[in-house]
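Enquirer:
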Amino acid sequence: MTTAPAAEWRFQDVYAFPTSSTAGPGDTAPEGYPYCFQHSPEGALFAAANVTIIGFGPAEQRQAFLEYALTDGPYRDTLLNAQGAAAPSDVRASIAGFRMLAYDGESARVDIAFRGSSNGQSVNGSAVLELVWADGDWKLDASNPEPARLAELPDLSGYVSWTEG
């Protein structure tokens, strides 16, 4: 993908996330996390962006989401028990762009760029997500010990711009 798909941006608390009437999410769980994404490159992209934003949310919601979104696999229990602390209340983040690193219909590797700030300091970051199509949705691959990797970025060069607005 070399252009960003059209998106309607919604908010969960202070975090904007993209939605699409065709790519997803198709529903929201009672715990507040979005799910049910289209089986397509766009669906994988929207799923990855939503997973990234969930990572900044409340610990209880992240745990409920992980119960749903982690596939069966040798690292599932470890990943479920590795729950980190919630983001500090002064952290703000928004999706800034993406790179579709791989897609074959059954799996996708998506790199989501985000801009964030905390305590007056700005940061650019990246979340590389390893997704697989399982049980009718894009899920995090629990056969991988690190299905979501975060890194700080010096800038957003090389990413397809995808922002609210």
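If you read the sequence shown in our numbering, its first letter stands for residue 14, the second for the next number, and so on.
Beta carbons: idealized from backbone N, C-alpha and C, even for Gly.
Since the structure is predicted, the reported quantities are computational estimates derived from the model, not experimental observations.
1) Would you kindly report the start and end of the unbroken beta strand (DSSP E) that includes Y81?
2) Report buried or exposed for A4, applying the criterion of at least 16 other Cβ atoms within 10 angstroms of its Cβ.
3) Which of helix, strand or coil does DSSP assign to V64?
4) Please go through the same chain and pick out, in chain order, the residues whose beta-carbon is closer than 8 angstroms to the beta-carbon of I108, but skip the five residues on each side of it.
5) Do F69 and Y46 have their CB atoms nearer than 8 angstroms?
6) So Y88 and S130 are in contact, right, with Cβ under 8 angstroms, and what is the actual spacing, rounded?
7) Going by DSSP, what residues sit across from V141 in a beta bridge?
8) Measure the alpha-carbon distance for A140 versus Q25 and round it to whole angstroms.
9) Using the Cα positions of S120 and G39, report the straight-line distance between them to the nearest angstrom.
10) What three-state label does DSSP hand T91 in the structure shown?
11) When burial is assigned at 16 or more other CB atoms within 10 Å of the CB, is V145 buried or exposed?
12) Which residues does DSSP list as the beta-bridge partners of G56?
13) Under 8 angstroms between the Cβ atoms of A57 and V123?
14) Under three-state DSSP, which class holds D85?
15) Taking the beta carbon of A82 as the centre, do at least 16 other beta carbons fall within 10 Å, making it buried, or is it exposed?
Expert: Looking at the atomic coordinates:
1) DSSP places Y81 in no beta strand (DSSP E) but in the uninterrupted alpha helix (DSSP H) bounded by A72 to A82.
2) No statement about residue 4 is possible, as the shown extent of the chain runs from 14 to 178 and does not include it.
3) Helix.
4) Apart from sequence neighbours up to five positions away, the residues of its chain that approach I108 with a beta-carbon distance below 8 angstroms are A29, F30, P31, A62, T65, I66, I125, A126, F127, W175, T176 and E177, ordered along the chain.
5) no
6) About 32 angstroms; that fails the 8 angstroms criterion.
7) D124 and R162
8) 18 angstroms
9) 20 angstroms
10) helix
11) That one is buried.
12) In the DSSP output, where bridge partners are listed per residue, G56 has none listed.
13) yes
14) coil
15) buried
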